[in-house]
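In terms of our numbering, the sequence shown opens at residue 4 and continues consecutively.
No residue lacks a Cβ here, since even glycine has one placed at the ideal position from N, Cα and C.
Model, not experiment: these values are computed from the prediction.
Here is the structure we will look at, set down as structure tokens.
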Amino acid sequence: MRWIVGPLFICLALVWIVGCGVKGDPLPPERPSELGRGKPAYNRGSTGIIYPELPPINRESLEEEEENVPE
Numbered sequence: 004m005r006w007i008v009g010p011l012f013i014c015l016a017l018v019w020i021v022g023c024g025v026k027g028d029p030l031p032p033e034r035p036s037e038l039g040r041g042k043p044a045y046n047r048g049s050t051g052i053i054y055p056e057l058p059p060i061n062r063e064s065l066e067e068e069e070e071n072v073p074e
């Protein structure tokens with residue numbers, strides 16, 4: 004049983020050394036990646052939207068509603 008401990012320890016040490024992943028400090032990329040797809044196209048955001056026509060607001064009707072508010 005004692006003769007198996009030495010080789011087993013060596014095998015486990017080799018597996019630990021080989022399987023521990025990337026060695027050393029992380030490096031930055033050689034060239035930075037480009038963000039986005041080029042020039043922004045903000046005009047496409049509102050082309051398909053149909054805005055409803057809102058009725059005009061009468062200032063007189065707002066003043067009447069404020070006067071009729073119970074306190």
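>> For G9 and A16, what's the separation of their Cα atoms in angstroms?
In response: 11 Å
>> Could you tell me the alpha carbon to alpha carbon distance between P31 and G24, rounded to whole angstroms?
In response: 18 Å
> Skipping 5 residues on each side, what residues in its chain have a beta carbon closer than 6 Å to that of I53?
Replying inline: none
> Going by beta carbon distance, what residues of the same chain come within less than 8 Å of E66, once the five residues before and after it are set aside?
Replying inline: none
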